[in-house]
Amino acid sequence: MAKRVTRLGGLLAAYQRRDPAARSKLEIFLLYPGVHAVLYHRLAHWLYVHHRFFLARCVSQWNRFWTGIEIHPGAIIGHRLVIDHGMGIIIGETTEIGDDCLLYQGVTLGGTGKDKGKRHPTLGNNVLVGSGAKVLGPFTVGDNARIAAGAVVLGEVPPNATAVGVPAQVVRVAGKPVYYADDVDQIHMTDPMVEELAAMSRRMEELERELEDLRKAVCKTKEERTA
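Pasting the structure below:
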């Protein structure tokens, strides 16, 4: 019992640390749907591993109705998971989530519909998944990784990296703190696709200038010959 109380205290403290709107642990415990979703899931998962599948689904469906967060009873969730707002989050059956992770509203940790057995992603420790991001498939998102808002991740994300775009591309992050989940900035991230398009645009401008210079040189040569 004391161990469970300690874990609950750690969860509430994680919310206080990451949510600037949080005023007290009592407020978080009573009013935050992310906390309720995790607590309901603990019960549903216990029933699931003890082969009480119908009761597990009942608790899971009540959890979905009450919080707007759908977590399959079979999903494995680590300690101090913070779900910010949380409406529309979907976590699949074979999903595994490490410790100290942070999920925003609209996140899907799902499958591609083609796999059997392990078909949902595994998140390491200290992973941040931004609003509306989709992580689809049986691969691993490494420790301290960040997935930008709106990204669609279809392949493995290395540790200490950021995934951006649709489909997501991985950008290695160097010299950053380990607890990336504490950095709630989801929008000021470099998009490699934008950089590539900008480079192509610059190259096209250079080619146009070279063609214009060549055209002028040809016209000048013709004029000299005519004269």
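Start counting the sequence shown at 2; every next residue gets the next number (our numbering).
Every residue, glycine too, gets a C-beta built ideally from N, C-alpha and C.
All values reported here derive from a predicted model rather than from experimental measurement.
So, with DSSP's three-state summary, where would you put residue i?
i	result
Val219	helix
Leu12	helix
Arg226	helix
Arg210	helix
Glu157	coil
Leu82	coil
Ala23	coil
Arg58	helix
Look at the alpha carbon of residue i and the alpha carbon of residue j, and state the distance between them as a whole number of angstroms.
i	j	result
Glu196	Val128	25 Å
Phe140	Glu213	50 Å
Tyr41	Tyr105	18 Å
His80	Ala45	16 Å
Arg19	Gly131	14 Å
Ala149	Glu211	39 Å
Gln62	Met205	55 Å
Ile78	Glu97	6 Å
Val36	Val167	30 Å
Leu110	Glu94	9 Å
Leu124	Val142	5 Å
Ile92	Arg120	12 Å
Gly176	Asn126	Any reading at Gly176 is ruled out, since the residue's pLDDT is 39, under 50, leaving its predicted position unreliable.
So if DSSP puts residue i in a beta bridge, which residue, or which two residues, is it bridged to?
i	result
Glu71	Ile91
Gln170	Val165
Ile77	Glu97
Leu103	Val83 and Leu129
Three or more C-beta pairs below 8 Å linking the segment 39-58 and the segment 72-86: yes
Contiguous alpha helix (DSSP H) assignments of at least 4 residues, all confined to the segment 107-167: none
Inter-stretch contact at 8 Å, needing at least 3 Cβ pairs: the segment 200-215 / the segment 159-173: no
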